[in-house]
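First the structure, in the form of C-alpha cells, and then the observations on it.
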Amino acid sequence: MPHEVKAVISREKNAPVAVETIVVPDPGPGEALVKVQACGVCHTDLHYRQGGIGDEFPFLLGHEAAGVVEAVGEGVTEVAPGDYVVLNWRAVCGECRACRRGRPWYCFDTHNAAQKMALTDGTELSPALGIGAFAEKTLVAAGQCTKVDPEASPAVAGLLGCGVMAGIGAAVNTGGVTRGDSVAVFGCGGVGDAAIAGARLAGAARIIAVDVEDRKLEWARGFGATHTVNSRGTDPVEAIRELTGGNGADVVIEAVGRPETYEQAFYARDLAGTVVLVGVPTPEMRIDLPLLDVFGRGGALKSSWYGDCLPSRDFPMLIDLYLQGRLNLEGFVSEKIALDDIEEAFNKMHRGDVLRSVVVL
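Going by the working numbering, the sequence shown opens with residue 548, and the numbers climb by one from there.
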C-alpha cells in the first residue's frame with residue numbers, strides 16, 4: 548500500500564520550500580523503496596528551487612542520500628530489503644552504445660523509477676535528479692542504489708551521491724591525476740575541495756588551491772592543498788606558474804563553472820597538460836579562446852559529468868578509504884539539520900558559510 552511521509556517540496560520558482568506530506572508508491576518492477584537516513588543539501592537543489600533546472604514544478608528536492616532499502620519490486624536482484632545504500636542519479640542501462648563498449652560511466656540511457664511520487668491531492672512530483680531524498684522515504688530505480696559498508700554513517704556516506712563524487716572523480720577519473728603530478732584547483736567549495744582530496748589520494752606532489760576567500764582556502768588546506776592562492780589580489784595564472792617551476796600544473800580542475808575562471812585554468816596548465824571542467828555553467832555562458840593556443844598548447848580539455856564515476860565501482864571503494872582514515876568525508880559536513888531547516892541551509896550555502904549542511908532523519 549502507498550506510504551504517506553514528510554518531504555521538502557518546491558512548488559514554484561524562487562519561492563521558499565515547505566515540508567509537506569507526500570504519497571510514495573510501493574515499488575514496481577525494477578524499483579526500490581528506500582528509507583532515507585541522511586541527505587546533503589547540494590547546490591543543485593537550490594538550482595531546482597530557482598527554476599534553473601527545468602520548470603516541472605512541484606519538485607521533490609534532495610539527492611545526496613544514504614539509507615536502507617525497505618522493499619523492492621519484481622525482477623530486482625542487485626539489492627534486497629535491509630541493504631544499506633548510497634543513492635545515485637546514474638542507474639546505468641547496460642545496453643546503450645557506451646555500456647556495450649565497456650564504458651558504463653558514460654551511459655547514455657540512465658533511468659529512474661517509472662512510478663511517480665505525488666502530493667496528497669494527486670499532483671505528481673518531479674524528484675531532483677530522479678531521486679527526491681529530502682523525504683522520509685523515496686522511490687528510485689533499483690540501479691540507483693549502491694550497497695556500501697554500513698559502518699559508515701549516513702551523514703557522510705550520502706555525500707558520495709553527488710558533490711564529493713563529482714570532485715574526487717574529476718581528479719582521479721577524468722583528470723587522471725597520478726603520483727608526482729602538480730594539480731591546481733579553481734574554486735574551493737564542496738566539489739573543489741573533493742577534487743583536492745582526490746588529488747591527494749592519487750599521490751599528487753603539489754596541490755594548489757585557488758579561491759577569492761581566505762576561509763575557503765583554509766578549508767582546502769584541510770583536504771590536502773599544499774599551496775593556496777587568493778585570486779582576488781593575485782594573478783592565479785602567474786602564481787601557479789611560479790609554484791610549478793614556470794611551467795604550469797599538469798592537471799587544472801575548474802570547479803566554478805565561469806568563463807573567466809576557465810580561461811585562467813586553460814593558461815595555468817603546463818604544455819600537454821589537462822584542464823577538467825567540473826563546475827556547472829549556465830546556458831548563456833560562452834568561452835572565447837584563440838584556436839592557435841588550443842592547438843599549440845596540446846594536452847586535453849575535458850568536462851567531467853558526475854566525476855565520470857561508476858557508482859558500483861567507486862562508492863564502495865571510497866567508503867572503504869574513509870573507514871581506513873584515508874579520506875576525510877567528515878570534513879565536508881559543516882552541520883546536521885532537520886527537514887524544516889533546509890531553507891536556511893540554502894541561505895548559508897549562498898553566503899558560503901558551509902561546505903555541506905546534511906539533513907539527518
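Heads up, the beta-carbon is just placed ideally off N, CA and C, and yes, glycines get one too.
Here's the rule: buried if 16 or more other CB atoms are within 10 angstroms of the residue's CB, otherwise exposed. What is residue i?
i    : result
D758 : buried
G795 : buried
T685 : buried
D797 : buried
Q584 : buried
V724 : buried
E611 : buried
G739 : buried
L818 : exposed
D835 : exposed
What are the boundary residues of the alpha helix (DSSP H) that residue i is part of?
i    : result
A742 : G737 to A749
K553 : Unbroken run through K553 is the beta strand (DSSP E), H550 to S557; no alpha helix (DSSP H).
N894 : I889 to R898
K763 : D761 to G769
Y631 : First-last for Y631: Y631 to L634, but that is the beta strand (DSSP E), not the alpha helix (DSSP H).
Who are the Cβ neighbours of residue i in its own chain at under 6 angstroms, not counting the five residues just before and after it?
i    : result
V803 : F733, G734 and G826
I754 : V730, I743, A746, G771, A772 and T773
L491 : Outside the displayed span of the chain (548 to 908) sits residue 491, for which this structure offers no information.
L786 : The sequence shown places Ala at residue 786, not Leu. Closer than 6 angstroms at the Cβ level, and outside the excluded window around A786, lie V776.
E567 : I556
In terms of alpha-carbon separation, which member of the options lies closest to residue i?
i    : options                   : result
G878 : E621, A689, S673 and A704 : A704
E559 : P549, I569, G872 and I600 : I600
P828 : E801, E567, L608 and V822 : E801
L902 : E765, P574, N659 and F606 : E765
R805 : L790, L824 and R816       : L824
T591 : L580, L607, K582 and A579 : L607
R779 : R762, V570, L870 and G769 : R762
L876 : E551, G587 and G575       : G587
C589 : G736, P830 and L580       : G736
A699 : R860, D867, E891 and D900 : D867
H594 : L580, G609 and E625       : G609
T667 : A675, A892, A554 and V695 : A554
Excluding the five sequence neighbours on either side, which residues of its own chain have a C-beta within less than 7 angstroms of the C-beta of residue i, listed in chain order?
i    : result
P628 : V616, E617, A618 and V619
D728 : A751, A752, D797 and V798
Would you grab the beta carbon distance between residue i and residue j for me? Rounded to a whole angstrom, and I think it's under 8 angstroms.
i    : j    : result
G622 : G577 : 6 angstroms
G854 : A713 : 5 angstroms
V719 : A767 : 17 angstroms between Cβ atoms; not a contact.
T808 : G722 : With 8 angstroms as the limit, T808 and G722 do not qualify as a contact, their Cβ atoms being about 16 angstroms apart.
Report all residues from its chain with a CB closer than 8 angstroms to the CB of residue i; omit the five preceding and five following residues, and keep chain order.
i    : result
Q597 : K560 and N561
Between which two residues does the beta strand (DSSP E) containing residue i stretch?
i    : result
C586 : E578 to G587
Y809 : Per DSSP, Y809 belongs to no beta strand (DSSP E); it is in the alpha helix (DSSP H), P806 to Y814.
D797 : A796 to E801
I755 : R753 to D758
C692 : C692 to K694
V732 : S729 to F733
With 8 angstroms set as the bound, which would you pick, yes or no: does the beta-carbon of residue i sit closer than that to a beta-carbon of chain D?
i    : result
L865 : Included in the structure is just one protein chain, with no chain D present.
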